[in-house]
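One structure is given here, and the rest of the page talks about it.
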Amino acid sequence: MIAVLPLIGGLLLGRFVANRRGAIAAQAALVALAAAVLIATAPSHDTSYGEGVLLAVILVPVSVATFALGALWQRRNHAPQTVRTS
Numbered sequence: 022m023i024a025v026l027p028l029i030g031g032l033l034l035g036r037f038v039a040n041r042r043g044a045i046a047a048q049a050a051l052v053a054l055a056a057a058v059l060i061a062t063a064p065s066h067d068t069s070y071g072e073g074v075l076l077a078v079i080l081v082p083v084s085v086a087t088f089a090l091g092a093l094w095q096r097r098n099h100a101p102q103t104v105r106t107s
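Position in the sequence shown (from 1) plus 21 gives the number in this note's numbering.
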């Protein structure tokens with residue numbers, strides 16, 4: 022369940038945070054936290070540490086993609102609107 026945190030957090034950070042460097046740092050912290058928890062609790066879920074590492078590695082590009090989607094969402098909402106007249 023902790024793996025959802027960087028996914029939703031990335032989308033929200035990309036959308037609502039104006040300071041891009043701060044948002045990227047926060048996203049990196051969320052991914053690091055989720056990866057640490059995934060790896061540390063893997064044996065509690067009847068899996069190996071290797072599977073936890075694999076999930077953490079997969080989580081990184083997916084969370085980057087959600088951050089990019091949030092940034093795209095922000096740019097679309099703040100783009101100047103053009104008025105078409107017929």
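Glycine included, each C-beta is placed from N, C-alpha and C at the ideal position. Here the structure is a predicted model, which is why all the values come from computation and not from measurement.
The beta carbon of threonine 87 is closer than 6 Å to those of Leu28, Gly31 and Leu32 in its chain, skipping five residues each way along the sequence. Alanine 89 and glycine 73 do not touch by the CB rule: their CB atoms are close to 25 Å apart, not below 8 Å. Tryptophan 94 places its beta carbon 8 Å or farther from that of arginine 42. Within the stretch 64 to 98, complete alpha helix (DSSP H) segments of at least 4 residues are found at 70 to 98, given in chain order.
DSSP places alanine 24 in the coil class of the three-state scheme, outside both helix and strand. Judged by DSSP secondary structure, valine 52 falls within the alpha helix (DSSP H) whose first and last residues are 41 to 61.
Comparing alpha-carbon positions, the option among Val52, Ala61 and Leu34 lying closest to valine 78 turns out to be Val52.
Beta-carbon to beta-carbon, alanine 50 and leucine 34 are separated by about 10 Å, too far to satisfy the 8 Å threshold.
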